[in-house]
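What follows is a single structure, written as structure tokens, with notes after it.
2 protein chains.
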Amino acid sequence: MERVMTTERTTAETLAKTLRDAIIRFSRRVRQARPVGDLTFSQLSALTSLQLAGALTPRELADMERVQPPTMTKIVGKLEERGLVARTPHPTDGRQVILAATDEGRAVYAFNERARNEWLAVELERLTPEERETLARAAEIMQRVARG
Amino acid sequence: MERVMTTERTTAETLAKTLRDAIIRFSRRVRQARPVGDLTFSQLSALTSLQLAGALTPRELADMERVQPPTMTKIVGKLEERGLVARTPHPTDGRQVILAATDEGRAVYAFNERARNEWLAVELERLTPEERETLARAAEIMQRVARG
DNA sequence: CCATGCTCATTAGCTAAGCTAAGGACCGTG
DNA sequence: CACGGTCCTTAGCTTAGCTAATGAGCATGG
Chain A
1 MERVMTTERT TAETLAKTLR DAIIRFSRRV RQARPVGDLT FSQLSALTSL
51 QLAGALTPRE LADMERVQPP TMTKIVGKLE ERGLVARTPH PTDGRQVILA
101 ATDEGRAVYA FNERARNEWL AVELERLTPE ERETLARAAE IMQRVARG
Chain B
1 MERVMTTERT TAETLAKTLR DAIIRFSRRV RQARPVGDLT FSQLSALTSL
51 QLAGALTPRE LADMERVQPP TMTKIVGKLE ERGLVARTPH PTDGRQVILA
101 ATDEGRAVYA FNERARNEWL AVELERLTPE ERETLARAAE IMQRVARG
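Line by line, the protein sequences are chains A and B.
Taking UniProt numbering, the leading residue of the first sequence gets 1, the next gets one more, and so forth.
Taking UniProt numbering, the leading residue of the second sequence gets 1, the next gets one more, and so forth.
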């Protein structure tokens with residue numbers, strides 16, 4: 001029992017390091033392939049959450065995206081500058097605002113949903129179906145871990 | 001054939017989005033769990049590469065880490081401030097320097113190799129062996145994709 | 001030996017995004 | 001009404017990503 005736990009622990013630690021390294025390299029590579037002017041990871045992720053949820057308060061969006069509210073204020077500020085997100089007063093609470101994707105934001109979201117020229121999608125296309133399946137499963141596991 | 005390719009393309013695009021979302025959430029979560037004062041992802045990754053390679057020029061390290069040289073200059077500067085990395089003149093080229101981990105840097109690396117209290121390692125320990133295997137395989141695939 | 005083109009690392013300047021602390025407006029409750 | 005709590009934003013700081021520029025140094029050809 002002690003030996004089994006030690007083995008699992010060693011495996012988990014090695015995996016933690018391996019995963020961290022892989023993610024940082026992968027993320028950098030994807031970022032480098034992003035055309036200048038396109039939305040950043042954080043912006044696109046926020047827009048996606050907004051689109052899927054319909055409308056959210058900044059607090060809700062920050063929680064969903066796993067950042068603190070001031071960070072989300074900044075990200076949303078950028079999206080708003082680009083006309084992709086709009087704010088309206090909250091119906092019942094004067095402290096709050098409601099964020100929602102604009103028509104243009106929805107168009108950008110839809111475009112990203114089917115970005116045929118995107119470097120990452122092209123690279124993933126070159127993997128075997130098994131490898132893609134592995135990545136899909138890993139993504140699901142990571143989302144679960146991130147939710148805590 | 002056309003249908004198969006369309007299916008693969010759709011799958012790859014969906015996977016690209018899924019993977020991006022998972023990675024950004026996961027990365028943020030791991031970052032939030034990092035004790036104040038610990039090395040950042042980028043710093044730890046650079047230190048790891050240095051440790052494993054023994055010694056590198058800034059250019060080599062930047063290439064290995066997939067960033068531009070000025071970025072690596074900054075990251076290394078931080079590591080140097082903390083006494084984890086040292087510079088020596090290049091033996092034959094006056095333009096270059098050699099970077100290597102210090103004794104302290106090696107100790108930090110070794111500590112991170114077996115960080116038993118690290119949040120991520122603890123979380124990974126709670127997964128099934130199959131799930132860990134999936135993540136390990138995914139990490140390998142991501143490294144390969146990142147190398148291009 | 002000299003001129004030239006190239007390479008190296010760094011600095012400068014900018015952007016983005018992460019955090020905590022603080023401030024002001026607003027809400028809910030006793 | 002007073003108070004405690006919540007909301008979003010601003011302020012201030014850090015880290016890290018990029019491109020452009022700079023000055024030192026190297027390699028090569030004449």
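Just so you know, even glycine gets a beta-carbon here, dropped at the ideal spot from N, CA and C.
query                                                                                                                                                                                                                       : result
Can you give me the C-alpha to C-alpha distance between Asp-103/A and Val-76/A, rounded to a whole angstrom?                                                                                                                : 16 Å
Considering only residues of the UniProt domain "HTH marR-type" (12-144) of chain B, which uninterrupted alpha helix (DSSP H) runs meet the minimum length of 4 residues and lie entirely inside it, listed in chain order? : 41-53, 58-65, 69-81, 103-113 and 119-125
With a 10 Å radius around its C-beta and 16 neighbouring C-beta atoms as the bar for buried, classify Asn-81/A as buried or exposed.                                                                                        : Reading off the sequence, residue 81/A comes out as Glu, not Asn. Burial call: exposed.
From Thr-73/A to Leu-19/B, what distance separates their C-alpha atoms?                                                                                                                                                     : 24 Å
Could one say the Cβ of Glu-60/A lies closer than 7 Å to chain B's Cβ atoms, at least one of them?                                                                                                                          : no
Verify the CB distance criterion: does Met-142/B have a CB-CB separation below 7 Å to chain A?                                                                                                                              : yes
Taking 8 Å as the cut-off, does the stretch 23-32 of chain A touch the stretch 18-35 of chain B (at least 3 CB pairs, one atom from each stretch)?                                                                          : yes
Report yes if the C-beta distance between Leu-135/A and Ala-12/B is below 7 Å; otherwise report no.                                                                                                                         : no
Hey, is Leu-120/A's beta-carbon within less than 7 Å of any beta-carbon in chain B?                                                                                                                                         : yes
Judging by CA-CA distance, which residue of Glu-140/A, Arg-126/A, Phe-111/A and Glu-133/A is the nearest neighbour of Arg-144/B?                                                                                            : Arg-126/A
Residues of chain A with a CB under 8 Å from the CB of Arg-66/B: which are they?                                                                                                                                            : Arg-25, Arg-28, Arg-29 and Gln-32
Assign Gln-51/A to buried or exposed, taking buried as 16 or more other Cβ atoms, counted over all protein chains shown, within 10 Å of its Cβ.                                                                             : buried
Closest Cβ-Cβ distance between Thr-134/B and chain A: below 7 Å?                                                                                                                                                            : yes
Let me confirm a value: Gly-105/A is counted as buried when at least 16 other C-beta atoms fall within 10 Å, else exposed. Which label applies?                                                                             : buried
Measuring alpha carbon to alpha carbon, tell me which residue in Gly-83/B, Val-122/B and Arg-66/B is nearest Lys-17/A.                                                                                                      : Val-122/B
Could you check if Met-1/A is buried or exposed, using at least 16 other CB atoms within 10 Å of its CB as the buried criterion?                                                                                            : The predicted position of Met-1/A is uncertain, since its pLDDT is 49 and thus under 50; a value taken from the coordinates is nonetheless stated next. Exposed.
Can you list the residues of chain B that Pro-104/A reaches, using a CB-CB cut of under 8 Å?                                                                                                                                : Residue identity check: residue 104/A is Glu in the sequence provided, not Pro. Neighbours of Glu-104/A on chain B: none; closest Cβ ~19 Å, over 8 Å.
Mind listing the chain B neighbours of Thr-73/A? Cutoff is C-beta to C-beta under 8 Å, in chain order.                                                                                                                      : Result: empty, since nearest Cβ-Cβ is about 16 Å, beyond 8 Å.
Hey, does residue 152/A have any beta-carbon neighbour from chain B nearer than 7 Å?                                                                                                                                        : Because chain A spans 1 through 148 in this model, residue 152/A falls outside it and cannot be assessed.
For chain B, find out if any of its Cβ atoms is closer than 7 Å to the Cβ of Ala-22/A; answer yes or no.                                                                                                                    : yes
Could you tell me the distance, in whole angstroms, from the CA atom of Thr-40/B to the CA atom of Leu-79/B?                                                                                                                : 10 Å
Quick one: Cα of Met-64/A to Cα of Thr-48/B, how far?                                                                                                                                                                       : 32 Å
With respect to 6 Å, is the separation between the Cβ of Arg-31/A and the closest non-hydrogen atom of the ligand ATP below this value?                                                                                     : Absence of the ligand ATP from the depicted structure is noted, as is the absence of any ligand whatsoever, leaving it without description.
Any Cβ of chain B within less than 7 Å of the Cβ of Leu-84/A?                                                                                                                                                               : no
Between the Cα of Arg-87/A and those of Asp-93/A, Leu-99/A and Arg-95/A, spot the shortest distance and give me the residue it belongs to.                                                                                  : Leu-99/A
Just to confirm before moving on: does the CB-CB distance between Ala-33/A and Ala-138/B stay below 7 Å?                                                                                                                    : no
Any beta carbon from chain B within less than 7 Å of Met-1/A's own beta carbon?                                                                                                                                             : Residue placement at Met-1/A is flagged as unreliable, the pLDDT there being 49, under the threshold of 50; the coordinate-derived value follows with that caveat. Answer no: the Cβ-Cβ gap between Met-1/A and chain B never drops below 7 Å.
Closest Cβ-Cβ distance between Phe-41/B and chain A: below 7 Å?                                                                                                                                                             : yes
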